[in-house]
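Top to bottom, those sequences are chains C and H. Letter by letter, the first sequence follows residues 1 to 732 in my numbering. Letter by letter, the second sequence follows residues 733 to 956 in my numbering.
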Amino acid sequence: MVYTQHGMERRLAVLVAFFVFLAPMAQVALAACPPDLDGDGQVGGGDLASLLASWGSPAGDITGDGATDGADLTSLLSQWGSMCPGKDIIPYELAGTTLLAAPWFTPVDVVLQSQMAMAAVDANRLQGLSGGSYPLYVVADRNGDDWQANTDLHDLRGTPQLWAVNPGGRAANMVEVLNTGLLDIAGGGNLFMGLGVDLVLDVDGSGTLTPGDVIDGMDRAGMVVSRNPVLAGPFAASTLSTYTASGATSGFTTSRLWYPTAIQSMAPQPLIVISHGNGHQYSWYDFLGTHLASWGYIVISHQNNTVPGIETASTTTLQHTNAIIGQMNTVAAGAIANRIDTSRIGWIGHSRGGEGVARAYDRLVDGTYTPTNYGAEDIGVVISIAPTDFLGSASANPHGVPYMLLYGAADGDVCGCPDNDIADSFNLYERATGWRCSTYIHGADHNDFNCCGFEDFAGPSGTAIGRTEAQEVQKAQMLAALQSRLRGDVGADEFLWRQDQSLKIPQFAATTTIVREFDPNGAQDQVVENFQTNTAVTQSSSGGAVSVVNTYLGEGLLQDANTAFTWVSSDAFNGAVRGRTSDTERSGVFSWADDSTIHWELLPALADQSDQSDQTHLSVRLAQGPRHTYTVTLAGPCNAAFRLVDANGQSATLSINAYGQGVQRPYLRTGYGTGAGWQSEMETFRLPLSDFAEQNAALDLSALVAVELLTGPSHGANVGRLQIDDLLFTRP
Amino acid sequence: MMHTIAISIVALAMVQGAGQQVAPPEVGEPPAVREEGQGIPAIPATPAPAGEILWARAFEVEEPWTSDFRADHPTIRHGFIVVLKTDAAMAFPRQVACPVLMAGEMPCEVIDPVAGSEYVVALAVVPNAAEAWDPEPDFTTLDLCWCAPALPEQVTPESAAKSFSNARTAGVIAAWQRSRGVDPLAPLRSVAADPTSIRPMLAAADREAVVRAALAGRESILAR
């Protein structure tokens, strides 16, 4: 929903009147929360102990019949895990977005300013809210210390909105967070994509954050109202058409510069270096340089020595980075003097240049190249656009540097072909061991990501998305990756993993398919199964037993084993052109023609496996098996569901297609054998643990015993073939 | 013909007189054709003849350079600038491995390739020559061919020798020599003050000056 300014003003006026009329209702006393016998704000083990200790007496009476008995026990167990306002400030994920299927609402952090922001509350879990109406505040983001120092609630929209909470779960209690269009996102020189805010349900109507209130954003922003990353940022941009880089390889000294026009009034800003591909020109990235400068970055695009090979290309990247830092006080007549933050550098390379930037980082790590003005620790992110893989596992290797891959499915040059390792861009992605993400775009070709390269489209007729569309995706996704890694912008990551149906950017055509992988590789991740160790199919990499019903789970190297894409049973990972024989990334694969289950045991003896109460998401990456009989039969996105089971036998199930479209059908490109379908399109799904809890409030996330993957007719896909990897619990 | 020669000489003079800070000429944007299905041409079979030499000039430099176009990084003191008209598919600057233009057992240093163009400008260099031309360049010894796709920096002296041997065995070198006809020095004379000589040879300060001359040579050809 997009409001006109006039419309917003009218809505605000109505809101204010409504609030004044109903404000006294906010003072209505909270309903009691009988099962919370020990008063800790949540129904749990302490309450059970109190109830049993009070058996037969009135002290543990929940049902109101004056005695503590079996009826009270039943009542308590039915509300197990519920939270009860009134004792403490309650952290709770209020902000979110609607879903097209159960659980109908899911907590998220980011909403585009032009779109509807939603909030929801589960009155089944937040006992006592039901039936009351409370002011919902949108306040400037504060961390825990800030909240302790200042509990005043000041709504950035001018006035809070009133929220009448109904009985029931989130689906019964979804409201639009009104008037986010009134928020001043760009104010104060904000370099983030959006404005972080906290949402507070002021349960006692006191106008301050007090015990019993519900807050989303105690430690980090509860919600980020974001600008559209496709559009120009808040800064005017200037360009220096050419300058000469000192110390660069002869014949490759020319570079172009973009920067915020008002850079001298800003703090030092990150440096972005663009390294073009073979037969390309440094002058082909004006759209990207201008875009990033408008978001506050200093950007150069340099001549790149790609004809001899990758080593020479990496050298020019290293040299030009060194040169612009050394020359920043003189280039462009001093316009960027002392304004490069040399500790925050991002490299973007295209094709051979895309491998070149990975190799450049590898050389810094190896110590075979030592620049004078920066080091490996200053490279904050490396982005490759359709990189080649000439140098292989050891040298075309991003190591642990944050890494992004941007790739078009219709690439006619670095094609992702099964007979040529050099043309397989995902090889580099799989080698990255740090924070990493990829954006794979159906219908985009190799030169859609620059202004003027030769038309190389190699997809099915009628599926080309064209340069404008591809570059809008490119601008948005690259900006998000840079913001995430170079500015610590908490709102950026969601642009890199949420499906388009969940975080829809208006400029992206509804028909454009974008497949995203996102893996923070965080130290706090708890891996259930990544197939790297314990390679027997009956044991997960985390040590638990693995069992299956009505399917067969295979494990192996994530590599296509022959030179064609034709489906043959001897090539279990057909289409997985994601590694050379010297690479070690492994994966699982399975298929089904009936309801089937894969069951991963979590070892209760290991607290880090069974207790996921401090994590936020269950994450997994999945890809349909290209050209497999079942993939062809399914002929569309593939749904599946995950179930969590706890030690009490409680469970909750979520379908992945509630969050978007399920696992995308492979791009129907032909060649390399019979049939249609190209390389494996691994896609990350992150299912909020709070959504599992919403499905079953009794589910104990601190005592999980199993994760199950459910497929088959009962779960939306009669048949299917999936490659699966990196099943883990994670948090931001 | 005289008009063409004049353009070439003027172009060379202009470039050679330029200061060190002048950026290499930007190649015009390739045709921004976006017809779905045009695609990148398939890589032709190799070995194959190099094509027609339209323009050439011997050079030597005061400051030798280390070539990145062969894995052993030979030292380069002299060679020939050549502008070829060839199979555009062969010369297409792909991201994956491209056919390597060889001059004997040394990859040519291809300069600024342009997608879709049938014109190739390259430095046919002599690896590890001990000193400047002695007594003078012998253009008739220059044998060019397109050899198997590879990344030049990964071509070793051994693999280069094998590629060139394969080209000779396949008859590609003999075909090349025949194609030069009765007057192999004609391309050189296009810039010669004395049409009976291959002089003047370009005496350049360094590789950058040679590259500028090479690109100007291509421009002169395109201007014809």
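Quick reminder that beta carbons are idealized off the backbone N, C-alpha and C, glycines included.
Terminal residues of the beta strand (DSSP E) in which residue i lies
i: residue 835 of chain H; result: 830-835
i: residue 808 of chain H; result: 807-817
i: residue 115 of chain C; result: Run containing residue 115 of chain C: none; DSSP gives neither H nor E here.
i: residue 942 of chain H; result: First-last for residue 942 of chain H: 939-954, but that is the alpha helix (DSSP H), not the beta strand (DSSP E).
i: residue 827 of chain H; result: Careful: residue 827 of chain H lies outside any beta strand (DSSP E) and carries neither H nor E.
i: residue 784 of chain H; result: 784-798
i: residue 241 of chain C; result: 237-244
i: residue 721 of chain C; result: 720-730
i: residue 105 of chain C; result: 105-107
Partners in chain C for residue i, counting only beta-carbon separations shorter than 8 Å
i: residue 826 of chain H; result: 278, 279, 413
i: residue 883 of chain H; result: 308, 309, 310, 390
i: residue 848 of chain H; result: 454
i: residue 909 of chain H; result: Chain C residues near residue 909 of chain H: none, gap ~27 Å exceeds 8 Å.
Closest Cα partner of residue i within the set the options
i: residue 474 of chain C; options: C:53, C:287, C:46, C:63; result: C:287
i: residue 667 of chain C; options: C:636, C:132, C:673, C:643; result: C:636
i: residue 162 of chain C; options: C:260, C:135, C:558, C:243; result: C:135
i: residue 708 of chain C; options: C:279, C:645, C:200; result: C:645
i: residue 723 of chain C; options: C:320, C:694, C:640, C:696; result: C:640
i: residue 332 of chain C; options: C:396, C:627, C:264; result: C:264
i: residue 226 of chain C; options: C:468, C:596, C:472, C:109; result: C:109
i: residue 378 of chain C; options: C:555, C:561, C:664, C:271; result: C:271
i: residue 721 of chain C; options: C:678, C:626, C:685; result: C:626
i: residue 431 of chain C; options: C:395, C:706, C:351, C:650; result: C:395
i: residue 821 of chain C; options: C:483, C:102, C:617, C:554; result: Past the boundaries of the shown model lies residue 821 of chain C; chain C is included only from 1 to 732, so the question cannot be answered.
i: residue 443 of chain C; options: C:471, C:428, C:300, C:382; result: C:471
i: residue 932 of chain H; options: H:816, H:799, H:865, H:857; result: H:865
i: residue 152 of chain C; options: C:76, C:199, C:123; result: C:199
i: residue 654 of chain C; options: C:68, C:719, C:101; result: C:101
i: residue 398 of chain C; options: C:416, C:590, C:354; result: C:354
i: residue 746 of chain C; options: C:573, C:138, C:55; result: What is shown of chain C runs 1 to 732, which leaves residue 746 of chain C out entirely.
i: residue 211 of chain C; options: C:217, C:219, C:202; result: C:202
i: residue 516 of chain C; options: C:503, C:522, C:523, C:524; result: C:503
i: residue 220 of chain C; options: C:441, C:91, C:564; result: C:91
i: residue 862 of chain H; options: H:883, H:778, H:783, H:792; result: H:792
i: residue 895 of chain H; options: H:837, H:942, H:873, H:843; result: H:837
Beta-carbon neighbours of residue i, restricted to chain H and to distances below 9 Å
i: residue 423 of chain C; result: 827, 828
i: residue 420 of chain C; result: 828, 829
N-terminal and C-terminal residue of the alpha helix (DSSP H) that residue i is part of
i: residue 50 of chain C; result: 45-53
i: residue 695 of chain C; result: 689-695
i: residue 561 of chain C; result: No alpha helix (DSSP H) holds residue 561 of chain C; DSSP gives it neither H nor E.
i: residue 193 of chain C; result: From DSSP, residue 193 of chain C is part of no alpha helix (DSSP H); its letter is neither H nor E.
i: residue 889 of chain H; result: 889-901
i: residue 70 of chain C; result: 70-78
i: residue 316 of chain C; result: 310-326
i: residue 286 of chain C; result: 286-294
i: residue 911 of chain H; result: 904-911
i: residue 820 of chain H; result: 820-823
i: residue 430 of chain C; result: 426-431
Cross-chain neighbours of residue i in chain C, by beta carbon under 7 Å
i: residue 772 of chain H; result: 412, 413, 454, 456
Proximal residues of chain H, C-beta to C-beta of residue i below 7 Å
i: residue 530 of chain C; result: Here the premise fails: no neighbours, minimum Cβ distance about 31 Å.
Interface residues of chain C facing residue i [CB-CB closer than 9 Å]
i: residue 943 of chain H; result: 250, 251
i: residue 939 of chain H; result: 250, 251
Next item on the list: Identify each residue in the region 345-364 of chain C for which the Cβ-Cβ distance to at least one residue of chain H is less than 8 Å, and report them in chain order.
Entry: When C-beta distances to chain H are compared with 8 Å, the residues of the region 345-364 of chain C below that value are 351, 352, in chain order.
Check: Fully enclosed by the region 123-185 of chain C, which beta strand (DSSP E) runs are 3 residues long or longer?
Finding: 133-140, 161-164, 174-177
Checklist line | Minimum length 3: unbroken beta strand (DSSP E) runs contained in the region 606-684 of chain C | finding: 617-624, 641-646, 651-655
Next item on the list: Can you give me, in chain order, the residues of the region 838-867 of chain H that have a beta carbon less than 9 Å from any beta carbon in chain C?
Entry: The residues in question are 839, 841, 842, 843, 844, 845, 846, 847, 848.
Checklist line | Every unbroken alpha helix (DSSP H) inside the region 456-523 of chain C [4 residues or more] | finding: 466-487, 494-497
Next item on the list: Note down, in chain order, all residues in the region 774-803 of chain H with a beta-carbon under 7 Å from any beta-carbon belonging to chain C.
Entry: 800, 801
Check: Fully enclosed by the region 344-377 of chain C, which alpha helix (DSSP H) runs are 4 residues long or longer?
Finding: 352-366
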